[in-house]
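> Right, I'll just put the structure down here and ask away after.
In mature numbering (1 follows the signal peptide of the UniProt record, and there is no 0), the protein residues as written are -18 to -1, 1 to 195.
Here it is as structure tokens:
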């Protein structure tokens, strides 16, 4: 009779066979199974160094500041809305170039408008001065024409009076003679009008055609 004894050792299994009443012969299973201890820890895998993340489109503090993330470089750029954000250099250049071009265009437009406004103001001043000069010249011409007309009228009146005087017949010699105005008054003839008997230039001292007034 044989008895089978099972012996469990740490990490191994042995089977012994013993005969009844005799010395037992122990055979160890050569194909003992080796198991890995449950308490053994796995070897940790080395962690990779984290790659820095590029800050594209995130906010920044100082305009034109730069950060390098090869092969790219980022520039702190002010957007059209006025915010400061990180942009790749090429994108930042496009934004700043466009803004500079817009500012230059606005400055040129303002300068052109200022020049046009000044030219318009200068034209208005020149036109006003020309209009004022034309009005003054017209007034002077009108005054001169009026003066000339008045002078011509006066000259014509004088000439007409002279012609009338020249055409008036001379008074015929008077048979009445007064030695002086006293005699004419004594005779009741004063005043004596030109053409009347007794009239003579010597008695008409103011030469108005009336003697012994």
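Yeah, the Cβ is synthetic: ideal placement off N, Cα and C, and Gly gets one too. If you're wondering where the values come from, they're calculated on a predicted model, not measured in any experiment.
#1: Which term fits residue 22, buried or exposed, when burial requires 16 or more other beta carbons within 10 angstroms of its beta carbon?
#2: Taking Cβ to Cβ, would you say residue 57 is nearer than 9 Å to residue 65?
#3: Thinking residue 160 and residue 185 are a contact (beta carbons under 8 Å), I'd like their distance in whole angstroms, please.
#4: Does DSSP put residue 38 in a helix, in a strand, or in coil?
#5: Taking just the CA atoms, how far does residue 125 sit from residue 171?
#6: Please classify residue 107 as buried or exposed, where buried requires at least 16 neighbouring CB atoms within 10 angstroms.
#7: What does a CB cutoff of less than 8 Å around residue 129 pick up in its chain, not counting 5 residues either side in sequence?
#8: Is it buried or exposed for residue 175, if we count other Cβ within 10 angstroms and need 16 for buried?
#9: Since residue 50 and residue 67 are thought to touch, with beta carbons under 8 Å apart, how far apart are those beta carbons, to the nearest angstrom?
#10: Please return the same chain residues whose Cβ sits closer than 8 Å to the Cβ of residue 157, not counting the five positions on each side in sequence.
Quick look at the numbers:
#1: Counting from one through the chain shown, the residue named residue 22 turns up at place 40. The predicted position of residue 22 is uncertain, since its pLDDT is 48 and thus under 50; a value taken from the coordinates is nonetheless stated next. Under this definition residue 22 is an exposed residue.
#2: As a first step, residue 57 must be located in the chain shown, where it is residue number 75. As a first step, residue 65 must be located in the chain shown, where it is residue number 83. In this structure, residue 65 does not lie closer than 9 Å to residue 57 by Cβ.
#3: Here residue 160 is taken as the residue at index 178 of the chain shown, counted from 1. Here residue 185 is taken as the residue at index 203 of the chain shown, counted from 1. Confirmed, Cβ separation roughly 7 Å.
#4: As a position in the chain shown, residue 38 is number 56, starting the count at 1. It is coil, neither helix nor strand.
#5: Within the chain shown, the letter at position 189 stands for residue 171. Within the chain shown, the letter at position 143 stands for residue 125. Their Cα atoms are separated by approximately 51 Å.
#6: Along the chain shown, one-based indexing puts residue 107 at 125. Under this definition residue 107 is an exposed residue.
#7: Here residue 129 refers to the residue found at position 147 when the chain shown is read from its first residue. Once the five neighbours on either side are set aside, residue 129 has no close Cβ partner at all.
#8: Taking the chain shown and counting its residues from 1, one reaches residue 175 at position 193. Result: exposed.
#9: As a first step, residue 50 is located in the chain shown; it is residue number 68 there, counting from the start. As a first step, residue 67 is located in the chain shown; it is residue number 85 there, counting from the start. With a Cβ gap of about 17 Å, residue 50 and residue 67 do not count as contacting.
#10: To locate residue 157, count along the chain shown from 1; it is residue 175. Closer than 8 Å at the Cβ level, and outside the excluded window around residue 157, lie 179.
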